[in-house]
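Report on one structure; see the data block that follows.
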Amino acid sequence: MMRALLAITAREFSGYFATPLAFVFIIVFLLANGLATFYLGAYFSMGQADLTSFFMFHPWLYLFFLPAISMRLWAEERRNGSIELLLTLPVPLTAVVIGKYVAALAFSALALALTFPIWLTVNFLGDPDNGVILASYLGSLMLAGGYLAIGSCLSALTRNQVIAFVISVVACFLFTISGAPLVLEVFDGWAPQALVETLATFSLLTHFRAITGGVIDARDVMFFASLIGVFLTATIIVVDMKKAEGA
Amino acid sequence: MIEVDHLVKKFGDFTAVADLSFRVERGQVMGFLGPNGAGKSTTMKMITGFLRPSAGTARIMGLDICDDMLAAQRHFGYLPEGAPAWPDMTPRAFLQFITRIRGFDKAAARAAEGRAIEMTELHGVLDQPIDTLSKGYRRRVGLAQAIVHDPDVLVMDEPTDGLDPNQKFQVRRAISDMAADKAIIISTHILEEVDAVCAAAMIIDRGQIVAEGTPSELAARSRYSGAVSLTLETEKLSAAKTLLQKVAHDSAEIVMRGDESTLHIFASKGSEPGALLADLRARVGEAGLAPRALALETGRLDDVFGALTGKARPAAPLFSAQQEDAS
């Protein structure tokens, strides 16, 4: 199972680089990161040697960049028919789903790792807390993992990549802002307090900010791990259901 | 060995496959015939575990595809309809991926890949992305993928669709070469293919088997089976028509091709086999017609296919006292 999983991950990962798309993606991602940090985040005028203004935009950048990666995971296989090949090879469906997901995660990890010049810059300019920066990088990767798991599940629902992209952006957006006052105020006052609190705990943003604050709390890690687990399981169920439906 | 056991597939209210059962033994090539939409691909998708049956099951080498899917999947190679592959991959990388997935170690994988490349003659295109290849090569890449692990069972959905005559010949030869120690099922709507490679054939329509047997058994069910064909110059046609009035027969049709015409003369029901030919041969001799050909027909698969799947072609121009019935 492990061997098949790695074979699938390797195939999928090298697939990203078969076309210039991967390079375009990484370059645009890095540019967007730079623009957000230096212009929107006013990195220099903050006068602080940390990467807060870099990480604070990740949820919003990921909202558009990661569905662009995850949209092809299943929709493309369905459209070009290779899903039939993939699912008739002697490989457990779980291995296929995880293998493909890991490739997408590895690709976004690579894009994230390539932001290292900003880390070098901040270390050159001042004396930042590198522990907090490391925690933030891990938090950013977990956040990416959550978005990609949601995107994987939604990509399995359709053969159209554009639809997969749009519904993934919307779903990720809802998960991101579910803890924001804007959303909570809608429910506040009439919905049971327990529901409002539950809704708030589903916010990716809240958990991400907790980690980028420099504290890796087991509860935040558990949150991302379960989110990923739930959506990968849902991916398996969706792909399996489509086998019965014959879609 | 493939056993299909009361397979049923319903899509909503539509029944694509209705209670299909058959067996294909080792050493046998089964031709799966039917018009488009008859349920051929759906059946193959169920046999290979891509679609879950609504009822019934299939067994590959005794392993149930529903209960024991992974074990069953190790024993077959599958060429899905349209030979899908990952377009950005090269055939070499594609085959390496398949052998890796199927758990070959390095040395065994290289040997297996080499053999599959040899059989499908892919040498020249190994390092070109699959989506830049011609349809024929893509089909062969799909075939190579299906046979790379030397499976006991091969399931191929329209393996020669879209190929030119030379490529068709090559693929059929490759299938025939492998036939001795495998159970093979191929679907097709090309009837000549059945004659060329299949020991047994099955015609399905609307998800049900409407006929099965060897290709010659099936052909014998054609109305042309036992008919006599008489080919002569078109200018002698009226003489032939006059002559035909003296012969006991059921009906006839004429096919004109250039300066040549062929009469297909159908024997009367219940007449002695061969009697019509003998009678005609004598009369033609008497009349001094000197035909280009006069022979007993063995029956036509396409005619049986058309009649059984309700898509009989309009009858050829007739001339006969009795109107001939297409069914």
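Quick mapping for you: the protein sequence lines, in order, are chains A and B. Count the first sequence with my numbering and you get residues 37 to 283, in order. Count the second sequence with my numbering and you get residues 70 to 396, in order. Cβ atoms here follow ideal geometry from the backbone N, Cα and C, with glycine treated the same way.
Among residues of its own chain, excluding the 5 on either side of residue i, which ones have a beta-carbon nearer than 6 Å to its beta-carbon?
i              : result
A43 (chain A)  : none
A385 (chain B) : Low local confidence applies: a pLDDT of 44 at A385 (chain B) is under 50, so the model's placement there is unreliable, and no value is given.
A139 (chain A) : T45, E48, F49
R92 (chain B)  : E72
Y52 (chain A)  : A58, F143
For residue i and residue j, which I take to be in contact (beta-carbon distance under 8 Å), what is that distance rounded to the nearest angstrom?
i              : j              : result
F101 (chain A) : F152 (chain A) : About 18 Å; that fails the 8 Å criterion.
C189 (chain A) : V257 (chain A) : That pair is no contact at about 21 Å.
L141 (chain A) : L170 (chain A) : With 8 Å as the limit, L141 (chain A) and L170 (chain A) do not qualify as a contact, their Cβ atoms being about 18 Å apart.
S294 (chain B) : G368 (chain B) : 3 Å
V353 (chain B) : L365 (chain B) : Not really, about 14 Å apart at Cβ, beyond 8 Å.
S191 (chain A) : M107 (chain A) : 5 Å
A296 (chain B) : F335 (chain B) : 5 Å
V86 (chain B)  : I116 (chain B) : So it is not a contact: roughly 11 Å between Cβ atoms.
F244 (chain A) : P95 (chain A)  : 6 Å
F173 (chain B) : A162 (chain B) : No, F173 (chain B) and A162 (chain B) are not in contact; Cβ-Cβ is about 15 Å, not under 8 Å.
D253 (chain A) : A246 (chain A) : 6 Å
G100 (chain B) : E262 (chain B) : 7 Å
L150 (chain A) : I272 (chain A) : With 8 Å as the limit, L150 (chain A) and I272 (chain A) do not qualify as a contact, their Cβ atoms being about 31 Å apart.
P122 (chain B) : K78 (chain B)  : 6 Å
M113 (chain B) : D221 (chain B) : Wrong, their Cβ atoms sit about 16 Å apart, outside the cutoff.
Is it true that the CB of residue j sits closer than 8 Å to the CB of residue i?
i              : j              : result
I264 (chain A) : L241 (chain A) : no
T111 (chain B) : L120 (chain B) : yes
E227 (chain B) : S256 (chain B) : yes
A141 (chain B) : L148 (chain B) : no
L223 (chain B) : F145 (chain B) : yes
R207 (chain B) : A154 (chain B) : yes
K109 (chain B) : I273 (chain B) : yes
V232 (chain A) : I170 (chain B) : no
D200 (chain B) : P156 (chain B) : yes
F201 (chain A) : A104 (chain A) : yes
T248 (chain A) : S144 (chain A) : no
L370 (chain B) : L299 (chain B) : no
L164 (chain B) : M271 (chain B) : no
G118 (chain B) : T124 (chain A) : yes
L232 (chain B) : G193 (chain B) : no
So, at 7 Å on beta carbons, what are the nonlocal neighbours of residue i in its own chain, with the 5 sequence-adjacent residues on each side left out?
i              : result
T189 (chain B) : R209, L212, A213, A243
Q391 (chain B) : For Q391 (chain B), the predicted model reports a pLDDT of 39, less than 50, meaning its position is unreliable and no value from the coordinates is stated.
S389 (chain B) : In this predicted model, S389 (chain B) has a pLDDT of only 40, less than 50, meaning its place in the structure is not dependable; the value taken from the coordinates is given anyway. Excluding sequence neighbours, S389 (chain B) sits near S320, A321.
P383 (chain B) : Caution applies to P383 (chain B), whose pLDDT of 47 falls short of 50 and renders its modelled position unreliable; the value that the coordinates give is listed next. Same-chain partners within the cutoff: there are none.
A40 (chain A)  : V127, A131
A136 (chain B) : Reading off the sequence shown, one finds Asp at residue 136 (chain B), where the question assumed Ala. Correct list: empty, nothing qualifies.
Using DSSP bridges, identify the partner residues of residue i.
i              : result
A364 (chain B) : B:S298
D74 (chain B)  : B:T126
L164 (chain B) : BP columns for L164 (chain B) are empty, so no partner.
L102 (chain B) : B:T257, B:I272
K79 (chain B)  : B:T84
V93 (chain B)  : B:I71
By Cβ distance below 8 Å, which residues in the same chain neighbour residue i in space, the five residues on each side in sequence not counted?
i              : result
L358 (chain B) : L301, K305, A308, A309, L312
Q97 (chain B)  : A248, A252, I253, A268, A269
A289 (chain B) : T367, G368
L268 (chain A) : V133, I134, Y137, A185, S188, C189
F209 (chain A) : L99
D82 (chain B)  : none
Going residue by residue through the stretch 201-280 of chain B, where are the continuous beta strand (DSSP E) segments of at least 3 residues, counting only ones entirely within it?
222-226, 252-257, 269-274
Those runs of the alpha helix (DSSP H) which lie wholly inside the stretch 301-358 of chain B and span at least 4 residues
306-313, 344-356
Which full runs of the beta strand (DSSP E) of 3+ residues lie inside the stretch 143-191 of chain A, going along the chain?
none
Could you pull out every unbroken alpha helix (DSSP H) segment of at least 4 residues lying fully inside the stretch 204-267 of chain A, listed in chain order?
217-223, 229-237, 240-248
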